[in-house]
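Peer 1:
In full-length UniProt numbering, the protein residues as written are 1 to 440.
1. Express the C-alpha separation of residue 234 and residue 163 in angstroms, rounding to a whole number.
2. If you drop the 5 nearest sequence neighbours on each side, which residues of the same chain put their C-beta closer than 6 angstroms to that of residue 83?
3. If distances are taken between C-alpha atoms only, which option among 106, 389, 203 comes closest to residue 476?
4. Throw me the rounded Cβ distance for the residue 402 and residue 155 pair, which I believe falls under 8 angstroms.
5. Return helix, strand or coil for residue 359, following the three-state DSSP convention.
6. Using the C-alpha atoms, what's the distance from residue 87 back to residue 448?
7. With 16 as the cutoff for other CB atoms within 10 Å, does residue 224 come out buried or exposed?
8. Residue 412 and residue 422 - do their beta-carbons sit closer together than 7 angstroms?
9. May I ask you to report which of helix, strand or coil DSSP gives residue 438?
10. Can you tell me whether residue 393 is helix, strand or coil according to DSSP?
11. Does the stretch 349-356 come into contact with the stretch 308-318, if we say contact requires no fewer than three beta-carbon pairs (one atom in each stretch) closer than 8 angstroms?
12. How long is the line joining the alpha carbons of residue 114 and residue 308, rounded to whole angstroms?
13. Terminal residues of the continuous alpha helix (DSSP H) containing residue 224?
14. Under the rule that 16 or more other beta-carbon atoms within 10 Å means buried, what is residue 212, buried or exposed?
15. Going by the DSSP bridge assignment, what does residue 441 pair with across the sheet?
16. In angstroms with no decimal places, state the Cα-to-Cα distance between residue 189 and residue 201.
17. Check whether the Cβ atoms of residue 119 and residue 208 sit closer than 7 angstroms, and answer yes or no.
18. Please determine if the stretch 330-349 and the stretch 384-399 are in contact, where contact requires at least 3 C-beta pairs separated by less than 8 angstroms.
19. Report yes if the CB atom of residue 301 is closer than 7 angstroms to the CB atom of residue 157, and no otherwise.
20. Do you know how far the Cα of residue 68 is from the Cα of residue 210?
21. What did DSSP end up calling residue 178 once you bin it into helix, strand or coil?
22. Quick check on this structure: which residue in 410, 229, 327, 416 has the alpha carbon closest to the alpha carbon of residue 425?
23. Would you kindly report the start and end of the unbroken beta strand (DSSP E) that includes residue 366?
24. Under the assumption that residue 436 contacts residue 324 (Cβ atoms under 8 angstroms), give the Cβ distance between them as a whole number of angstroms.
25. Going by DSSP, what residue range makes up the alpha helix (DSSP H) through residue 124?
26. Can you give the Cα-Cα distance for residue 252 and residue 260, rounded to whole angstroms?
27. Our contact map puts residue 121 next to residue 184 with C-beta atoms below 8 angstroms; I'd like the distance itself, whole angstroms only.
28. Where DSSP assigns a beta bridge to residue 307, which residues make up the other side?
29. What is the DSSP secondary structure of residue 336, reduced to helix, strand or coil?
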């Protein structure tokens, strides 16, 4: 293992608290709170209603998996491109309507809507709520957003699963959305300016693309990874060309038809044109990260419909997959792109899987440098990773991408007949998130 992955905050003195296990047996059996509640049930110190509801919760949490019954995404628009004129909540409403229709779930049957969203400035009060109501979901159904930078869309699905596992919700719509084109430039004028100019700040760069600890662009973290994992410019360009080629092939083969209305594009780069691009972040000869081997600035939305496996059976719905486990991890922010390495390892351990048992991986391509490093460090078969291309070719609307990689993974598993899959992303600020799913 690369030594840089073992760095822990607080000197590693405080071990990370484990997430809820998704059959929930370990957490339920070892939780002090649950042991105390069991004792109260056995001794009769709680009321009958409390006892009954808690015992029912324990049974549900230990036996019933959360399943994904539908998943879809919008096309991904380029910066100031075709989707830039669409209000974000309208973009999100469209995908919510679509996944509910696919699942055969009525809007008033939804318990909760959770959307990952990073660049919220200028979109009004709680855009997720606006999107939910715009999709026909009635006012009594709560809707809210979560923010975990690039992992937001996948974290929203994790939170939806937790809500179902704890009995809080029955049906959850979870996903992510982003309109990077509509992120405003801002200026702090609350106290006024007594003299001189006032400069505008690009909220997209400040809130979405700048490391909060080192105050430098995410691209510099990719350069750091390239140096520490010895990823050459040629390797990065080769990876980027492969991503473009795979996406072009997938579009021509109509592989994306089931997840979106397909948009046919021709490949934009080959190795010759890729090698001519100048480095964006480190301008001298040591720079390796370019516009060609990094993800784009984009707009889009994605969503899933979640419910328990027993609820799906009751409704006669065949799930796309069940959520087996998920995990998140932190690491040195200067190499945030390697976040999927510890996150995937933790998720696989929770699932009881081995990496070589996984049929497909969707690992977000924030930068080619970090993508190559993750594949190398985990020893993955490249033919199993991002088989239809990734963010370098498709785009990376930061709040959407976490759900986008999951949506693409689910449809790829169906198409190829694969059974086990992992979706994962690196996260600005030095984190990673991963989810293990299994077709049922």
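No residue lacks a Cβ here, since even glycine has one placed at the ideal position from N, Cα and C.
Model, not experiment: these values are computed from the prediction.
Peer 2: So, from the data block:
1. 45 angstroms
2. 77, 299
3. In the structure displayed, the chain extends from 1 to 440; residue 476 sits before or after that span and is not available.
4. 6 angstroms
5. coil
6. Residue 448 cannot be examined here, being either before or after the span of the chain that is shown, 1 to 440.
7. buried
8. no
9. strand
10. helix
11. no
12. 17 angstroms
13. 218-228
14. exposed
15. No information on residue 441 is available, as it lies outside the stretch 1 to 440 that the chain covers here.
16. 12 angstroms
17. yes
18. no
19. no
20. 33 angstroms
21. strand
22. 327
23. Here residue 366 belongs to no beta strand (DSSP E), and DSSP marks it neither H nor E.
24. 4 angstroms
25. Looking at the DSSP string, residue 124 is not in any alpha helix (DSSP H), and its letter there is neither H nor E.
26. 14 angstroms
27. 6 angstroms
28. 67, 171
29. helix
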